[in-house]
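Below: one structure, written as structure tokens.
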Amino acid sequence: MIQPMTRRLPWVRQAISTTVVFLARTARTSTVATAAEESGHQLPSRFRIVHASVVHRHGDRSPITPLKDSDFWRGQLPTQDVLQGVSRGTRVLRDSVEGQRVHHAQGSGPFGQLTTLGLLQMVGLGERLREELGSALFTSSRPLEPSRVRVMSTNFPRTIQSVQALLTGMFPECDAQIDIDVRGTNDFFIPDPQPRQSKNQLVLESHLGRQQHLLEKEAEMEDLARRLTRSLDGYLGDGANAVSFGIGEEKGDDDRLQAPLSWAQLSEILVCLNSRNLLPKTVTREDVEIVSKHVAWKWMESLKHPVLSKAAMWKFATQLVDDAKRCRECNEGPYLCIYSAHDSTLIGLISILQLEQPARWPEYASYLKMELIQEEKETEEVLWVRFSLNGELLRSKWLTGSERQPLRMVPLGSLVEMIEEDHQLIDEHEKMLFCWKEGVLSSRSLECAD
Numbered sequence: 004m005i006q007p008m009t010r011r012l013p014w015v016r017q018a019i020s021t022t023v024v025f026l027a028r029t030a031r032t033s034t035v036a037t038a039a040e041e042s043g044h045q046l047p048s049r050f051r052i053v054h055a056s057v058v059h060r061h062g063d064r065s066p067i068t069p070l071k072d073s074d075f076w077r078g079q080l081p082t083q084d085v086l087q088g089v090s091r092g093t094r095v096l097r098d099s100v101e102g103q104r105v106h107h108a109q110g111s112g113p114f115g116q117l118t119t120l121g122l123l124q125m126v127g128l129g130e131r132l133r134e135e136l137g138s139a140l141f142t143s144s145r146p147l148e149p150s151r152v153r154v155m156s157t158n159f160p161r162t163i164q165s166v167q168a169l170l171t172g173m174f175p176e177c178d179a180q181i182d183i184d185v186r187g188t189n190d191f192f193i194p195d196p197q198p199r200q201s202k203n204q205l206v207l208e209s210h211l212g213r214q215q216h217l218l219e220k221e222a223e224m225e226d227l228a229r230r231l232t233r234s235l236d237g238y239l240g241d242g243a244n245a246v247s248f249g250i251g252e253e254k255g256d257d258d259r260l261q262a263p264l265s266w267a268q269l270s271e272i273l274v275c276l277n278s279r280n281l282l283p284k285t286v287t288r289e290d291v292e293i294v295s296k297h298v299a300w301k302w303m304e305s306l307k308h309p310v311l312s313k314a315a316m317w318k319f320a321t322q323l324v325d326d327a328k329r330c331r332e333c334n335e336g337p338y339l340c341i342y343s344a345h346d347s348t349l350i351g352l353i354s355i356l357q358l359e360q361p362a363r364w365p366e367y368a369s370y371l372k373m374e375l376i377q378e379e380k381e382t383e384e385v386l387w388v389r390f391s392l393n394g395e396l397l398r399s400k401w402l403t404g405s406e407r408q409p410l411r412m413v414p415l416g417s418l419v420e421m422i423e424e425d426h427q428l429i430d431e432h433e434k435m436l437f438c439w440k441e442g443v444l445s446s447r448s449l450e451c452a453d
């Protein structure tokens, strides 16, 4: 029997109230909480939102990389009673677990897990989305309710729990069951699945990582990476060096023994320590900011190439567009699709959709929203798409107006054509050709062609 979700929100909040004071003291204010409201982007009366997709990052988590003080991090996690509270009324749809590989970024034990603070962030995001979409997308004759919403998530405990918390905030009093589909999502919801969707993607990542300006930047930053790795030596737990994830960051066994921690690892560890005032004395908040910006720059430098961004995110971007088209053509929903994922997911989608880069790396509980907007004209209706990150519009760089400015909204048909375009990348130095054509990434040596 499915347990009703009725009044579960007050129960959850009461169960975690004892941690709120501590969290308020130790966690810095999230950009998401202070972002401008979407209501500032009012549409003229001839426009109407008819479908929306929300792709969100999970809430605050413990470090993915194992650290020595496991008891401290275990104490940051919500109790089982709280987790059971937010999961009431939801059903997780899974594939058979036999033979499935666990992504290194999932973490183990108390590491890589949603914290109590993260759960609160996601409840708050659910409340905010209910306010934003309750009247903008839904109406009194077609209200926001679970039957009009589809939910999917990567198969990570922290993303599943995050969207369960979001649903708690969105539907505080509801008896209906809500399914959360995690089947196969680890393969295409993130740009760096393990294994990759194509072996050629790893080859391409390695190729792009050897660009001259990237190598020069890495040489410039190497001393910082080694200094920070030494500073964290007393913090790292068993298995820390075996963790490997990220676009262009995955290393072989020999690399892990000799090299400093990857930038992705350094960033995720330092951000977690910094938010709780636990940085080593030899590491400054300025160091944390430099590392975070460098990771963002590296990812963007690789994913700005459409051959790679499409190899990594084409399947997900296509699903977002297909959802919007299907909703409009069938006029039966789902009117709202919610996808629980990761910061890398947001960066990957921003790259493949060729949107303006955000000023900051997407923080915990950040969300990318895609809205399908119908414009009523005298003789026809036109469908537009617009995007926003945490309520701030992201303009489309690939389509410009009369004054060459990026557009706030783009025609749905033009967006579909852009996503379906083929691309190729030629490396004259290494004599390699990478082609993205009809949803497939291929590579070949130009020397063989000669």
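Numbering follows the working numbering, with no gaps: position 366 of the sequence shown is 369.
Beta carbons are placed, not taken as given, at the ideal position from N, Cα and C, and that holds for glycine.
Within its own chain, the residues whose Cβ lies closer than 8 angstroms to the Cβ of residue 145, once the five positions on either side in sequence are excluded, are 151 and 338, listed in chain order.
The beta carbon of residue 90 sits closer than 8 angstroms to those of 164 and 167, all from its chain and outside the five residues before and after it, given in chain order. Residue 390 carries a strand assignment under DSSP once its states are collapsed to helix, strand and coil. In this structure, DSSP gives residue 125 a helical state, which the three-state scheme calls helix.
In the DSSP assignment, residue 54 is bridged to 375.
Looking at 361, 300, 240 and 306, the one whose alpha-carbon comes closest to that of residue 207 is 306. In the structure shown, the three-state DSSP call for residue 72 is coil. The three-state reading of DSSP puts residue 318 in helix, counting H, G and I together. Here the alpha carbon of residue 70 sits roughly 11 angstroms from the alpha carbon of residue 112. Shown here, residue 198 sits in coil according to DSSP, grouped into three states, outside any helix or strand.
Taking C-beta separations shorter than 7 angstroms and ignoring five residues to either side along the sequence, the partners of residue 401 in its chain run 357 and 421, following chain order.
In this structure the stretch 339-349 touches the stretch 55-66; the number of beta carbon pairs closer than 8 angstroms is three or more. For residue 215, there is no enclosing beta strand (DSSP E); the residue is found in the alpha helix (DSSP H) stretching over 215-234. In the displayed model, residue 340 falls within a strand according to three-state DSSP.
Secondary structure of residue 133 (DSSP, three-state): helix.
Rounded to whole angstroms, the Cβ separation of residue 375 and residue 415 is 7 angstroms, and the two are in contact under 8 angstroms. Annotation for residue 430: 210 place their beta carbon closer than 7 angstroms to its own, counting only its chain and skipping 5 residues before and after.
By a beta-carbon distance limit of 8 angstroms, residue 446 contacts residue 435. Their separation comes to about 6 angstroms. Under the three-state reduction of DSSP output, residue 284 falls in the coil class, being neither helix nor strand. In the structure shown, residue 177 adopts coil according to DSSP, grouped into three states. Judged by DSSP in its simplified three-state form, residue 44 adopts coil rather than helix or strand.
Assigned with DSSP and collapsed to three states, residue 382 falls in coil, not helix or strand. The three-state reading of DSSP puts residue 274 in helix, counting H, G and I together.
DSSP lists 427 and 445 as the beta-bridge partner residues of residue 438. By the C-beta density criterion, residue 105 is exposed, having fewer than 16 other C-beta atoms within 10 angstroms.
Beta-bridge annotation (DSSP): residue 96 is paired with 184. Excluding its 5 nearest sequence neighbours in each direction, residue 54 has C-beta neighbours in its own chain below 6 angstroms: 327, 330, 338 and 375, listed in chain order. In terms of Cα proximity to residue 214, the closest of 428, 450 and 63 is 428. Around the beta carbon of residue 332, a 10 Å sphere encloses fewer than 16 other beta carbons of the protein chains shown; the residue is thus reported as exposed.
195 is the residue among 195, 290 and 368 whose C-alpha sits nearest the C-alpha of residue 314. It is roughly 28 angstroms from the alpha-carbon of residue 46 to the alpha-carbon of residue 366. Within the DSSP bridge table, the entry for residue 64 names 117 as partners.
Shown here, residue 162 sits in a helix according to DSSP, grouped into three states. Separation of residue 229 and residue 386 (C-alpha to C-alpha, rounded to the nearest whole angstrom) is 51 angstroms.
For residue 107 and residue 97, the gap between their C-alpha atoms comes out near 19 angstroms. Taking the CA atoms as reference points, residue 122 sits about 9 angstroms from residue 85.
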